[in-house]
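Protein chains in written order, with our numbering: chain A, 20 to 568; chain B, 20 to 568. Data block below; observations after.
The structure is reproduced here in structure tokens:
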């Protein structure tokens, strides 16, 4: 990393960290305006952060020295920026309307558009009743079988857009290999009216494939072994034609995607078919076009100082690498975004949770923080205690929709007043003197007030971003997700890491195969003493307890 | 804090941190045995931690100097250990069979047992059909209206124990003030067969009360304004008789609890009534007695070196205060425990997210870490990348049930092999040499293998605990939750903080009232410039968009 820029940022940190957020507001009466961006309908207030104009200037310098602008173009143009896997990174192409994007001289847009058309046509058939279940009934339930990127996106997006669903359509998700989850969901669905969507690029993902096969067995059991019916009730989101056909899925019901789409960036691809089946293809198309608006903002229209993903990303770097705040909380104030933190958690941590740079050299600085969170209003009654009065500072992204036609005004006003007030409280805090005066005003006697007030002090100076969407609809949800995708990209460029591989998931997978072999054969191979003892404990327990086989 | 103990721990850390977990296993072939506890059916392997016998000895010394044993007795005996609120802390009494526990010379056990009997009797009436809905139909759906401690416990426990539910019974939870959540759930329930359980100690919690009142309006709307029917369909978990009766709830359908029960410790109290209605009172009683077994283990039978909550708590302190690992992940490998991390997140962070000691003096050491997590097997496909290869170390608690009669053996074997293999992978890691040799064996050419292997290195030496329950049933779930309750207590004693208040939630609540007033009156009072601008933005948006009123 360019050391002069870093040194300048370090020196600036030494100065700026002497000032509180309230000091910064006092210094600049225009601060709220200076540090709010309004673009494409999104209102992004980042004024309650420990930054000033100089901070941004230095951070933008840093970004320039890391060639951010050129790297953005490289991604959008299909260059092989996923260097360890020698792949292009083109989730943006999935929502593009361009005629041509070349990868190795090959135009990928025609095949992307062909799959979109295939998805639209399949949705039309399902929703019109042209494609019926094996007994002639209309499909009324989708069961998405997938894990990780094939699960979190569809879960979030279907939950967030439930009010837009096709009338009468239900959706369930089987992700964990835990047989209870499978049995619990299958107990609730009707084989005659359910479509199972098996989402696995390679058709070999361990969890997904055992769930798919167990579901297939259940289905055959329920249909008196009607193997022909499988073609009407199972579809595949995969590229492995042979395995898909062997499973009994018709070739025309296989929806392809490509190696330039990572799992955590795949909701825009055929992986989104469950979403499109649930909310209708037109709404899915709105979701794509919302993301496209953000793509254009990020890569074409906005200069770096006014670029939402750039600013959001740089603020994160500032806290992570200079303030040493190593966790980030995402707090949506809207029930429909309850799974948004889980989605962003994967997006950020799987993308940027790396310890070597693109060249493979070990880093001497921190990369991705722990990203976590849940519904904000619920968090207030749970973990916000630590955020206000704990010993570590956790920067927060508050996400809220201004209007919600599926709520009620009185409820929405309360929800909003809480979102706003929490950001204010984190920043302003409360002094010992104020706390004591309040206690005295409540009639607490002097001596008690002096003691209890010590526990009612809030240090304040805790930062937050406020991201306001006009409403939660397919368009703005697409924009919001794309905003974070590009934020992650920006940080990956700053940290000089490959954001698009995930080598860290391999070791556990390999060892799991070995342990499974030990369990199945009841022969324990070589491990540390603890692992051996635990395998033995499991074998002892399962001998004592008869499980369904 | 006693500085000699801390100095000894610091010196020990300097030595021990030179050794990896694998080194420690090499040093002591009996390590797995030495650092595994089996008690009351729980198998707790803590050998994959950066500790040795000396670490434990020093940490136990620390606990002794903090008078842990005496403080445990003080809690169980009803002393007013919640010093800032001058209250006893007696969630343990809620599951006790003792004849007498005195608070201020008053025996609380008779009233605790009376509420238990009232709960059991109410469950009998609902389940037998003696208490019917207003049109004479049996109650088939419970809707729990509560937030924080009145929500997270019932949500977790009902989800975990769904296979034990009373036949035909459903349950829903309304927690957020977001009107969408309310409308979405009310759209799915039948007023004739639904019982609404309003859980708010004071009957003034803002979110809960507006949800309760909106539900009441919906109910009256559906029943042609049948106010008498309210008594059959609404019950209250509260101590505010006057407000409860004004709402229209019959006095006999009000279930009380006491100021010695904190919200996050209240599932064992009348707050558990939704649970008992869902799983039946006998199962709820098993849940209580499971916790009682852990209470006895913690306070009576186990010496500190063999005491599950003590060891679990001390290991957390070791990482938090000596290794500077400031986040903890909870990874249940069981779908039914998916909400367990959220429950423990509240329990730990609301209890111990404090910055002053019991005397109100500012601390110069870290207290509670950020606690987070989700289903472990799903995490493997999401955020485990960072846990394996990121720049920060996150200690993990893995929780798994040995046997699961509601699963299938093949699925359970795979689930288990993953849980075991992840712990192994975190500890062992993978060297550059091994990674390169594997690539060469796969046929990758020398030059590429040398480069790519750099990205496939796992540092290893990442710690985890393994907590194995025989199965997930009411008994063991009660034990598991009590285990963490006591772990939190142990850490509070070490950190010398009041674990049982939550002053940090007050400021946001107070400011929210002010902001709400601004919104309702459309007159913005004094705030920082950012807060003013955001309130104005909201007012502008809601003027443009007509919401349901």
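The C-beta atom is built at its ideal place from N, Cα and C for all residues, glycine as well. Just so it is clear, the structure is predicted and the values come from calculations on it, not from any experiment.
Inset, instruction - Report buried or exposed for residue 310(B), applying the criterion of at least 16 other Cβ atoms within 10 angstroms of its Cβ. - result: As a working mapping, residue 310(B) is identified with position 291 in the second chain. Flag for residue 310(B) reads buried.
Legend entry - Nearest-angstrom Cα separation, counted from residue 275(A) out to residue 133(A): In the first chain, residue 133(A) corresponds to position 114, counting from 1. In the first chain, residue 275(A) corresponds to position 256, counting from 1. Going by the C-alpha atoms only, they are around 10 Å apart.
Inset, instruction - Identify every run of the alpha helix (DSSP H) within the segment 492-553 of chain B, keeping only runs that are complete inside it and at least 4 residues long; order them along the chain. - result: 493-514, 525-540
Inset, instruction - Check whether the segment 262-270 of chain B touches the segment 156-174 of chain B, taking contact to mean three or more Cβ pairs, one atom from each stretch, closer than 8 Å. - result: no
Legend entry - Start-to-end residues for the alpha helix (DSSP H) that takes in residue 134(A): The residue given as residue 134(A) occupies position 115 in the first chain. Start and end: 128-147.
Legend entry - Touching by the beta-carbon criterion (3+ pairs, under 8 Å), the segment 463-470 of chain B and the segment 235-249 of chain A: no
Inset, instruction - Indicate the three-state DSSP secondary structure (helix, strand or coil) for residue 237(B) in the structure shown. - result: Locating residue 237(B) in the second chain gives position 218, where the first residue counts as 1. Helix at residue 237(B).
Inset, instruction - Check whether the Cβ of residue 352(B) lies closer than 6 Å to any heavy atom of the ligand SAH, and answer yes or no. - result: This structure lacks the ligand SAH; in fact it carries no ligand of any kind.
Legend entry - Cβ-based contacts, 8 Å cut-off: residues of the segment 147-169 of chain B near chain A: 166, 167, 168
Legend entry - Three-state secondary structure assigned by DSSP to residue 189(B): Here the question's residue 189(B) lines up with position 170 in the second chain. Reduced to three states, the DSSP call for residue 189(B) is strand.
Legend entry - Residues of its chain near residue 189(A), where Cβ-Cβ distance is below 6 Å and the 5 sequence neighbours each way are ignored: Position 170 of the first chain holds residue 189(A). Closer than 6 Å at the Cβ level, and outside the excluded window around residue 189(A), lie 160.
Inset, instruction - Starting from residue 62(A), trace the beta strand (DSSP E) both ways and give me its first and last residue. - result: The residue given as residue 62(A) occupies position 43 in the first chain. Looking at the DSSP string, the run of the beta strand (DSSP E) that includes residue 62(A) is 61-64.
Inset, instruction - Can you pull the chain B residues whose beta carbon is under 7 Å from the beta carbon of residue 44(A), in chain order? - result: Walking along the first chain from the start, residue 44(A) turns up at place 25. Those within 7 Å of residue 44(A) in chain B are 547, 548.
Legend entry - Contact list for residue 198(B) against chain A, beta-carbon separation under 7 Å: Walking along the second chain from the start, residue 198(B) turns up at place 179. In chain order: 426, 427, 430, 431.
Legend entry - Completely contained alpha helix (DSSP H) runs for the segment 69-138 of chain A, where each covers 4 or more residues: 72-84, 87-95
Inset, instruction - For residue 321(A), count neighbouring C-beta atoms within 10 Å of its own C-beta (all shown protein chains included) and say buried if the count is 16 or more, exposed if not. - result: In the first chain, the residue the question calls residue 321(A) occupies position 302. Its Cβ being crowded by 16 or more others within 10 Å, residue 321(A) is buried.
Legend entry - Coarse secondary structure for residue 246(A), derived from DSSP in three states: For this step, residue 246(A) is matched to residue 227 along the first chain. Residue 246(A) falls in the helix class under three-state DSSP.
Legend entry - Minimum length 3: unbroken beta strand (DSSP E) runs contained in the segment 335-377 of chain A: 346-351
Inset, instruction - Please state if the CB of residue 306(B) and the CB of residue 173(B) are separated by a distance shorter than 7 Å. - result: As a position in the second chain, residue 173(B) is number 154, starting the count at 1. As a position in the second chain, residue 306(B) is number 287, starting the count at 1. Against a cut-off of 7 Å, the Cβ pair of residue 306(B) and residue 173(B) comes out as no contact.
Inset, instruction - From the DSSP output, read off the bridge partner residues of residue 57(B). - result: If you number the second chain from 1, residue 57(B) lands on position 38. DSSP, once it has assigned bridges, lists 62(B) as partnering residue 57(B).
Legend entry - chain B residues whose Cβ lies nearer than 9 Å to that of residue 481(A): Numbered from its first residue, the first chain carries residue 481(A) at position 462. In chain order: nothing, as chain B lies at least about 11 Å away.
Inset, instruction - Please determine, among 399(A), 387(A), 496(A), 521(A), the residue with the shortest C-alpha to C-alpha distance to residue 475(B). - result: For this step, residue 475(B) is matched to residue 456 along the second chain. Nearest of 399(A), 387(A), 496(A), 521(A) to residue 475(B), Cα basis: 521(A).
Inset, instruction - Select from the segment 398-421 of chain A all residues with a C-beta closer than 7 Å to any C-beta belonging to chain B, and list them in chain order. - result: 399, 400, 401, 402, 403, 404, 405, 407, 408, 409, 410, 411, 413, 421
Legend entry - Residues near residue 137(B) by beta carbon distance below 7 Å, same chain, minus five either side: If you number the second chain from 1, residue 137(B) lands on position 118. 274.
Inset, instruction - Taking 8 Å as the threshold, find out whether the segment 108-127 of chain B comes into contact with the segment 187-206 of chain B through three or more Cβ pairs. - result: no
Legend entry - Residues bridged to residue 389(A) (per DSSP): Mapped onto the first chain, residue 389(A) falls at position 370. Residue 389(A) pairs with 346(A).
Inset, instruction - Over the uninterrupted alpha helix (DSSP H) stretch that includes residue 579(A), give me the two end residues. - result: Nothing about residue 579(A) can be reported from this structure: the residues present for chain A run from 20 to 568 only.
Inset, instruction - State yes or no: is the beta carbon of residue 307(A) nearer than 7 Å to at least one beta carbon in chain B? - result: In the first chain, the residue the question calls residue 307(A) occupies position 288. Cβ-Cβ to chain B under 7 Å: no for residue 307(A).
Legend entry - Residue from 30(A), 356(A), 290(A), 128(A) with nearest C-alpha to residue 164(A): Here residue 164(A) refers to the residue found at position 145 when the first chain is read from its first residue. When each option's Cα is compared against that of residue 164(A), the closest is 290(A).
Inset, instruction - Output the boundary residues of the alpha helix (DSSP H) element that contains residue 44(A). - result: Your numbering for residue 44(A) matches position 25 in the first chain. Element bounds for residue 44(A): 40-46.
Legend entry - Euclidean distance between Cα positions of residue 550(B) and residue 381(A): The count along the second chain starts at 1 and reaches residue 550(B) at position 531. The count along the first chain starts at 1 and reaches residue 381(A) at position 362. Spanning the two alpha carbons is a distance of roughly 42 Å.
Inset, instruction - Name, please, each residue of chain B whose Cβ falls closer than 7 Å to the Cβ of residue 287(A). - result: Start at 1 with the first residue of the first chain, and residue 287(A) comes out as number 268. Within 7 Å Cβ-Cβ: nothing; residue 287(A) doesn't reach chain B, min ~18 Å.
Inset, instruction - Could you work out which residue in 419(A), 371(A), 242(A) is closest to residue 402(B) when comparing CA atoms only? - result: Within the second chain, the letter at position 383 stands for residue 402(B). Among 419(A), 371(A), 242(A), the Cα nearest to that of residue 402(B) belongs to 371(A).
Inset, instruction - Over the uninterrupted beta strand (DSSP E) stretch that includes residue 217(A), give me the two end residues. - result: Walking along the first chain from the start, residue 217(A) turns up at place 198. Residue 217(A) -> beta strand (DSSP E) spans 213-218.
Legend entry - Start-to-end residues for the beta strand (DSSP E) that takes in residue 180(B): Within the second chain, residue 180(B) is the residue found at index 161, counting from 1. Per DSSP, residue 180(B) belongs to no beta strand (DSSP E) and is neither H nor E.
Inset, instruction - Just the chain A side, please: which residues come within less than 8 Å of residue 477(B) by C-beta, in chain order? - result: In the second chain, counting from the first residue as 1, residue 477(B) sits at position 458. Ordered by position in chain A, the residues that pass the 8 Å Cβ test against residue 477(B) are 523, 526.
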